[in-house]
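There are 2 protein chains.
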Amino acid sequence: MKIETHTVHFTSPLYLESGRILEPYEIRYETYGKINEAKDNVILVCHALSGSHHASGLYEGDRKAGWWNNLIGDGKAIDTNRYFVICSNVIGSCFGSTGPMSEMYPSLQPYRLKFPVVTIKDMVRAQRQLLSYMGIHQLKAIIGGSMGGMQALQFAVDYPNLAEQIIPMATTYATRPWVIAFNKVAIEAIRRDPRFNNGNYSRDEFREDGCDGLAIGRIAGHISYLSPESMDRKFGRNYVATDGLFELFGRYEVERYMEYNTNNFSRSFDPLSYLYIVKAINTFNLSRGYDSLYEAVSRIKAKVHLISFAGDYLFFPEEMKHLANMLKRNNQKYSYHEIESDYGHDAFLVEIDKFDAIIKEILEVES
Amino acid sequence: MKIETHTVHFTSPLYLESGRILEPYEIRYETYGKINEAKDNVILVCHALSGSHHASGLYEGDRKAGWWNNLIGDGKAIDTNRYFVICSNVIGSCFGSTGPMSEMYPSLQPYRLKFPVVTIKDMVRAQRQLLSYMGIHQLKAIIGGSMGGMQALQFAVDYPNLAEQIIPMATTYATRPWVIAFNKVAIEAIRRDPRFNNGNYSRDEFREDGCDGLAIGRIAGHISYLSPESMDRKFGRNYVATDGLFELFGRYEVERYMEYNTNNFSRSFDPLSYLYIVKAINTFNLSRGYDSLYEAVSRIKAKVHLISFAGDYLFFPEEMKHLANMLKRNNQKYSYHEIESDYGHDAFLVEIDKFDAIIKEILEVES
Chain A
1327 MKIETHTVHF TSPLYLESGR ILEPYEIRYE TYGKINEAKD NVILVCHALS
1377 GSHHASGLYE GDRKAGWWNN LIGDGKAIDT NRYFVICSNV IGSCFGSTGP
1427 MSEMYPSLQP YRLKFPVVTI KDMVRAQRQL LSYMGIHQLK AIIGGSMGGM
1477 QALQFAVDYP NLAEQIIPMA TTYATRPWVI AFNKVAIEAI RRDPRFNNGN
1527 YSRDEFREDG CDGLAIGRIA GHISYLSPES MDRKFGRNYV ATDGLFELFG
1577 RYEVERYMEY NTNNFSRSFD PLSYLYIVKA INTFNLSRGY DSLYEAVSRI
1627 KAKVHLISFA GDYLFFPEEM KHLANMLKRN NQKYSYHEIE SDYGHDAFLV
1677 EIDKFDAIIK EILEVES
Chain B
1327 MKIETHTVHF TSPLYLESGR ILEPYEIRYE TYGKINEAKD NVILVCHALS
1377 GSHHASGLYE GDRKAGWWNN LIGDGKAIDT NRYFVICSNV IGSCFGSTGP
1427 MSEMYPSLQP YRLKFPVVTI KDMVRAQRQL LSYMGIHQLK AIIGGSMGGM
1477 QALQFAVDYP NLAEQIIPMA TTYATRPWVI AFNKVAIEAI RRDPRFNNGN
1527 YSRDEFREDG CDGLAIGRIA GHISYLSPES MDRKFGRNYV ATDGLFELFG
1577 RYEVERYMEY NTNNFSRSFD PLSYLYIVKA INTFNLSRGY DSLYEAVSRI
1627 KAKVHLISFA GDYLFFPEEM KHLANMLKRN NQKYSYHEIE SDYGHDAFLV
1677 EIDKFDAIIK EILEVES
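So the sequences go chain by chain: A and B.
If you count the first sequence from 1, position 11 lands on 1337 in my numbering, and the numbers rise without skipping.
If you count the second sequence from 1, position 29 lands on 1355 in my numbering, and the numbers rise without skipping.
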């Protein structure tokens, strides 16, 4: 599989939903496979909250492959022998695309809290610019889970002629207060962290010790990514050290998992980016800018393949079923798949073997 | 309704499950109604994590009545014209019973992190001492929700001859990793709060500003006390200020609710007590000290009335159903009631009108 990583610098303004402008801006992206002459073998992959453009493959010296490595590659469900796959880092993030720690032109200083609020619509618009820049005007498919699924849906509504099909997974049409509440933990924990210092931290501030606020918020996140059943199976009531039961800070396995995952994360992810991306998730509402959800959904011309997970405690299958019912009543092209899984929301990243055949079939039948 | 509040000072040691000893210790408790001559009209009420001995009635000058005011009182389901109701503050808490900020005898200094870990079993043992002190050796019923329900179950297993019936609500037989994970947010947020200072804060430290760590942890708690459905109904996607949509820290209604509730709480509840009580909840396992859950449950002689709530996302109805099935297979006296509610875990405090008739009937039929 041929992997390339690029960064494009756009000097034209990006008009944001808020009325503000991002100018200039950069988008970092990765591609897998080769584009054909007709430029009609392109699949766009959209990443989630903590993801990046690095969706597949292994960088030299790295131990961890891209986040959808088992789905994207030569002979895999998203077959890079056949398709040209693009994944870009969303604006607002911290992996190379313009975000709050980018320089606020013409100063050399980071935006920090002066960075404009970006929305899923804005993320999608920026990616649309990237595609135009690449001379791509037609997509085989747009696929993504969680916030990536939001982008797939927003693409289909805002640019109805762009993609033949979209595959939104483990996502929703409008973020519910349940999700906003989970995000609130992160927002408050980051804001109240003295070292966050109202966004005025140094670039190296968290490299060694990590941002406590981000780590704490991420624990709440990880709860929402799992499920009671998956935690029973993964951790049970096991103790890290058997003598810890009567130690105040003795830890259960589930606590160690939370510490390990969140402490690492809080060293590598930028807390300002986290605040901005969480804001984008909170404000996601497919019907904003349209008269109703029905009107927004009616615009879709792509075939919509909805994939939900039975044990998803963040975006419940009911939410995607609601969309499916709307598409059905409206005689739009769609398919709905609920994957049997009690893994939780993270299933879209972890239990790939449970749905890759579905994606393979969707792409093959329609191609 | 006659209300009395007392504090008893015990000079005899309380032997804890950890092997440590609490000596001396105090228990603050409240009583409602009058005890009869035979002392056989007594109902013990057990409180939850953030509760206190103040279960009913209104203190002079207070605006907020006790936490089960609508359930306990003259002519109410727990009828104080008929029953003598006792509710005591659990050890480890911060409302008058011995806890981490109590003086560590013989010093005049607070225990702080030297306070021993207490368990549900220990809380129950301390209340058993209180009852003995009061000359009460027989209870009509023990009732409680959440951590209060854990106490009711533990009472029935450890002291099988004490209560005629127990009514555990919205609770479980062993705390699952799902719940431990929610509590982890509070543990980490409190520990990492610089003003918590490893437990060495002054008594007035949080009176005005509140403890940020506790506030953050409490947000996670409040998520687990509600449900996606209850949040939809309570808050929807409403914004506090309509112009806040594109403000990074503009707030949704659900966010305001979380801020309001948790900031108040973080001024009035002691963060060390929170850590200790959360530990007691985490370590709750009805089978500890017995060969199996089956063996523990087999000890119960009281009739067990289990009340669960369909929309409880903290302690799921399945957990109480599991207990009910065990009691059934074992031919023990029980009843199981699942209340139709999408309010979430808090239903046991909020939707009293949905279950007070059941409790009234349980108490009347059995009396």
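All C-beta atoms in this analysis are idealised placements derived from N, C-alpha and C, irrespective of residue type, glycine included.
7 Å Cβ cut-off: residues of chain A touching residue i
i: residue 1538(B); result: 1518
i: residue 1571(B); result: 1609
C-beta neighbour in chain A for residue i, strict 7 Å
i: residue 1389(B); result: no
i: residue 1344(B); result: yes
i: residue 1584(B); result: yes
i: residue 1554(B); result: yes
i: residue 1371(B); result: no
i: residue 1664(B); result: no
i: residue 1450(B); result: no
i: residue 1443(B); result: yes
Cβ separation of residue i and residue j, assumed to be a contact under 8 Å, to the nearest whole Å
i: residue 1652(B); j: residue 1634(B); result: So it is not a contact: roughly 14 Å between Cβ atoms.
i: residue 1581(B); j: residue 1506(A); result: 6 Å
i: residue 1666(A); j: residue 1636(A); result: 6 Å
i: residue 1442(A); j: residue 1348(A); result: 6 Å
i: residue 1559(A); j: residue 1500(B); result: In fact, because the Cβ distance is near 15 Å, the residues do not count as touching under 8 Å.
i: residue 1628(B); j: residue 1490(B); result: 6 Å
i: residue 1660(A); j: residue 1632(A); result: 7 Å
i: residue 1469(B); j: residue 1493(B); result: 4 Å
Beta-carbon contacts of residue i that lie in its chain and below 7 Å, excluding the five residues immediately before and after
i: residue 1606(B); result: 1418, 1444, 1445, 1446, 1449
i: residue 1480(A); result: 1446, 1447, 1450, 1612
i: residue 1584(A); result: 1545, 1548
i: residue 1550(A); result: 1508, 1639, 1640, 1671
i: residue 1367(B); result: 1361, 1408, 1409, 1410, 1466
Interface partners of residue i on chain B, CB under 7 Å
i: residue 1694(A); result: Absent from the structure is residue 1694(A), since the part of chain A shown begins at 1327 and ends at 1693.
i: residue 1679(A); result: Neighbours of residue 1679(A) on chain B: none; closest Cβ ~24 Å, over 7 Å.
i: residue 1510(A); result: 1545, 1581, 1584
Any C-beta of chain B under 7 Å from that of residue i
i: residue 1574(A); result: yes
i: residue 1606(A); result: no
i: residue 1567(A); result: no
i: residue 1673(A); result: no
i: residue 1561(A); result: yes
i: residue 1557(A); result: yes
i: residue 1514(A); result: yes
i: residue 1676(A); result: no
Partners in chain A for residue i, counting only beta-carbon separations shorter than 9 Å
i: residue 1612(B); result: Neighbours of residue 1612(B) on chain A: none; closest Cβ ~12 Å, over 9 Å.
i: residue 1429(B); result: Result: empty, since nearest Cβ-Cβ is about 19 Å, beyond 9 Å.
Cut-off 8 Å between Cβ atoms - residues of its own chain near residue i, not counting five sequence neighbours on either side
i: residue 1565(B); result: 1571, 1576, 1577, 1578, 1579
i: residue 1538(B); result: 1515, 1519, 1521, 1592
Closer than 6 Å: residue i CB and nearest the ligand MG heavy atom
i: residue 1341(B); result: The model on display carries no ligand, and the ligand MG is accordingly not part of it.
Contacts around residue i, its chain only, beta-carbon distance under 6 Å, and the 5 residues preceding and following it disregarded
i: residue 1525(B); result: 1438, 1439, 1598
i: residue 1317(A); result: In the structure as shown, chain A starts at 1327 and stops at 1693, and residue 1317(A) therefore has no counterpart that could be examined.
i: residue 1476(A); result: 1446, 1497, 1610
i: residue 1384(A); result: 1391
i: residue 1403(B); result: 1397, 1682, 1685, 1686
i: residue 1310(A); result: Because chain A in this structure spans residues 1327 to 1693, residue 1310(A) falls outside the shown range and cannot be described.
Under 9 Å by beta carbon: chain B residues contacting residue i
i: residue 1602(A); result: 1574
Partners in chain A for residue i, counting only beta-carbon separations shorter than 8 Å
i: residue 1439(B); result: 1574
Positions along the stretch 1327–1351 of chain A whose CB lies within less than 9 Å of some CB in chain B: 1342, 1343, 1344, 1345, 1346
Under 7 Å (Cβ pairs) to chain A, residues found in the stretch 1406–1425 of chain B: none
Proximal residues, the stretch 1625–1659 of chain B versus chain A, C-beta separation under 7 Å: 1642
Against chain B: residues of the stretch 1523–1549 of chain A by CB proximity under 8 Å: 1538, 1541, 1542, 1545, 1546, 1548, 1549
Contacting positions in the stretch 1486–1502 of chain B - beta carbon closer than 9 Å to chain A: 1500, 1501, 1502
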